[in-house]
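Undergrad: Residue numbers (our numbering): 2 to 85. Structure in structure tokens, see below.
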């Protein structure tokens, strides 16, 4: 009987581990997609010679509002400007 309970516990832990790994994979994909968006935005802002947060705000509103997280991108861009 003890082996049976142990097997059930192991199976339960394996299922939980599999679920956790799937969640981690999804999170990794989201982070990579986010990084790709930020790199794309920075390249476009450099090309457009935009170097202020106000100009970046308007540019993002016009070009990115439907495809990504506007507030998050603007915040990250502002942080990057402050860090330079």
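Backbone N, C-alpha and C define an ideal beta-carbon position, used for all residues, glycine too.
Assuming residue 56 is part of the alpha helix (DSSP H), what are its boundary residues?
TA: 54-64
Undergrad: May I have the straight-line CA-CA distance separating residue 27 from residue 21, to the nearest angstrom?
TA: 10 Å
Undergrad: Measuring straight from C-alpha to C-alpha, what distance separates residue 60 and residue 38?
TA: 14 Å
Undergrad: Quick one: Cα of residue 63 to Cα of residue 9, how far?
TA: 55 Å
Undergrad: Does DSSP classify residue 50 as helix, strand or coil?
TA: coil
Undergrad: Buried or exposed: which applies to residue 51, given that a residue is buried once 16 or more other Cβ atoms fall within 10 Å of its Cβ?
TA: buried
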